[in-house]
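Trainee: The structure's right below; bear with me while I get my questions together.
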Amino acid sequence: MSEQTTTGAVTEPHGASPRDAPPAQPPAPRQPPDPAPAPDGVPAEAAPKDRRRLFAVLRWTAAALVFASAAAGTAYGLVRPERTELPGLTTLDDGRWAYPVLAKPELPAGAPLPKGADNPDATHYAALSALLLTPPAGAGPDSGFAAGEDGAVSPETFLGEYAPDARAALQEGFAYEGLRQIAGRAWTMPDGTRTRVYLLRFHSFGFGQLFPGCAADAKLDGAAVLVPDPDWAKAKRSQRNDLAEYLETRAVSVYEEKKPHGDTQTRLGCLDAGDVQAVILQTRKGGAAPVPFHQTVILQSQLLS
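Numbering of the sequence shown is given in the UniProt record's numbering, commencing with residue 1 and proceeding in unit increments.
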């Protein structure tokens with residue numbers, strides 16, 4: 001099926017038709033409160049270095065990734081505040097990547113938002129390629145990634161991410177699970193981290209939930225065993241961040257290659273977003289850092305919300 005354009009009207013998925021009236025504006029996003037100053041002479045509670053970094057990135061992401069919404073057919077902007085304007089972010093670099101200012105794609109006139117009250121199936125009416133996360137500053141091209149015009153990726157190319165003995169079953173499943181199209185984007189970072197983001201659009205949310213290729217038992221090429229990401233689980237349980245207010249954490253699953261791993265570690269992020277399933281992969285020789293990976297997962301989730 002042909003790819004939808006990013007600026008004009010898009011082809012509507014089968015069985016879905018937007019209402020004539022645009023959806024009502026959702027309430028303005030809640031702004032994060034100013035941090036309370038610590039009493040004089042009382043040192044801040046120490047925390048393990050990795051957890052402190054993780055909580056910082058989740059607090060930053062939750063505060064920064066609130067999209068201002070307007071009537072259907074207009075753009076949706078995302079503004080990233082400066083580090084010093086947010087609580088707990090006056091420390092030195094913690095490994096986060098500098099993503100550019102993001103914007104949700106323009107919708108056709110009258111098309112509902114994915115999470116709108118008049119869109120119970122969370123269908124995305126924007127072009128699939130327009131929903132892909134933009135690479136961060138310093139990113140370079142991935143010479144091993146094959147994508148066509150508007151980021152179109154063939155099922156065969158996508159299945160190359162999986163072990164050879166798992167590809168046939170996944171390919172057969174696409175024929176029964178209503179796969180419509182795949183869009184993808186990839187980049188590399190100076191530290192050797194390689195990121196691939198794939199968006200799979202199905203005929204409806206019910207078909208998308210049947211896709212078995214994004215789970216702990218997924219047979220990825222080069223990653224023998226995947227386990228739930230322990231840092232992500234700790235962050236979700238913590239009350240030190242507002243992640244749950246801005247992200248449907250139940251629709252996000254994050255995994256890492258079990259240690260000890262080989263020379264290269266793989267991380268896998270899975271996003272269940274209505275008729276779209278996102279598969280996010282990061283690999284790096286020696287180990288893939290959790291902070292930029294979690295940041296990438298959250299940003300992509302916000303683009304699909």
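Ideal Cβ positions, reconstructed from N, Cα and C, are used throughout, including at glycine. Values in this document were obtained by computation on a predicted structure and should not be read as measured data.
1) Expressed to the nearest angstrom, what Euclidean distance is found between the alpha-carbon atoms of L226 and A278?
2) Does the pairing of the region 195-203 with the region 178-187 give three or more beta-carbon distances under 8 angstroms?
3) Tell me whether R180 sits in a helix, a strand or coil according to DSSP, three-state version.
4) For the alpha helix (DSSP H) containing T157, list its first residue and its last residue.
5) Just to confirm, are L220 and T283 a CB contact at a threshold of 7 angstroms?
6) Give me, in chain order, the residues of the same chain whose beta-carbon lies closer than 7 angstroms to that of P105; leave out the 5 immediate sequence neighbours on both sides.
7) Between which two residues does the beta strand (DSSP E) harbouring L128 extend?
8) Our contact map puts Y99 next to P136 with C-beta atoms below 8 angstroms; I'd like the distance itself, whole angstroms only.
9) Suppose the cutoff is 6 angstroms on Cβ atoms and the five residues either side in sequence are ignored; what does the same chain contact list for D263 look like?
10) Cα-Cα, which of L303, W97, H261 is closest to M189?
11) Beta-carbon separation of E177 and F207 under 7 angstroms?
12) Mapping the DSSP letters down to three states, classify A168 as helix, strand or coil.
13) For E257 and A288, what's the separation of their Cα atoms in angstroms?
14) When DSSP labels each residue in this structure, what does L102 get in the three-state scheme?
15) Less than 6 angstroms between C-beta atoms, sequence neighbours within five positions excluded: which residues of the same chain meet that for T134?
16) Do N119 and P108 have their beta-carbon atoms positioned less than 7 angstroms apart in this structure?
17) Along the beta strand (DSSP E) that carries residue 312, what are the first and last residues, could you check?
18) Taking the alpha carbon of G140 as the point to measure from, which residue in R194, V254, F293 has its own alpha carbon closest?
19) Using only CA atoms, which one of P230, A103, P292 lies nearest to D191?
Mentor: In short, the structure shows the following:
1) Here residue 226 is taken as the residue at index 226 of the sequence shown, counted from 1. Here residue 278 is taken as the residue at index 278 of the sequence shown, counted from 1. Whole-angstrom Cα-Cα distance: 17 angstroms.
2) yes
3) Position 180 of the sequence shown, counting from 1, holds the residue named residue 180. Strand, per DSSP.
4) Numbered from its first residue, the sequence shown carries residue 157 at position 157. From DSSP, the alpha helix (DSSP H) with T157 extends over 155-159.
5) Along the sequence shown, one-based indexing puts residue 220 at 220. Along the sequence shown, one-based indexing puts residue 283 at 283. Against a cut-off of 7 angstroms, the Cβ pair of T283 and L220 comes out as no contact.
6) As a working note, residue 105 is residue 105 in the sequence shown. For P105, where only same-chain residues beyond five positions count, the Cβ hits under 7 angstroms are T6, A126, A127, A130, L131.
7) Within the sequence shown, residue 128 is the residue found at index 128, counting from 1. L128 -> no beta strand (DSSP E), and no H or E assigned at all.
8) Against the sequence shown, residue 99 aligns to sequence position 99. Against the sequence shown, residue 136 aligns to sequence position 136. Yes, Y99 and P136 are in contact; Cβ-Cβ is about 5 angstroms, under 8 angstroms.
9) In the sequence shown, residue 263 corresponds to position 263, counting from 1. Only K285 meet the Cβ criterion.
10) The residue labelled residue 189 in the question sits at position 189 within the sequence shown. For M189, the nearest C-alpha among the options comes from W97.
11) The residue given as residue 177 occupies position 177 in the sequence shown. The residue given as residue 207 occupies position 207 in the sequence shown. In terms of Cβ geometry, E177 and F207 form a close pair [threshold 7 angstroms].
12) Position 168 of the sequence shown, counted from the first residue, corresponds to residue 168. A168 falls in the helix class under three-state DSSP.
13) For the purposes of this step, residue 257 is taken as residue 257 along the sequence shown, with counting starting at 1. For the purposes of this step, residue 288 is taken as residue 288 along the sequence shown, with counting starting at 1. Each residue's Cα considered, the two are about 10 angstroms apart.
14) Here residue 102 refers to the residue found at position 102 when the sequence shown is read from its first residue. Here L102 sits in coil by DSSP.
15) For this step, residue 134 is matched to residue 134 along the sequence shown. Only P100 meet the Cβ criterion.
16) As a first step, residue 108 must be located in the sequence shown, where it is residue number 108. As a first step, residue 119 must be located in the sequence shown, where it is residue number 119. Cβ atoms of P108 and N119: not closer than 7 angstroms.
17) Here the chain covers residues 1 to 305 and nothing more, so residue 312 does not appear.
18) Position 140 of the sequence shown holds residue 140. Nearest option by C-alpha distance: R194.
19) Translated into the one-based positions of the sequence shown, residue 191 becomes position 191. Checking every option, the nearest Cα to that of D191 belongs to P292.
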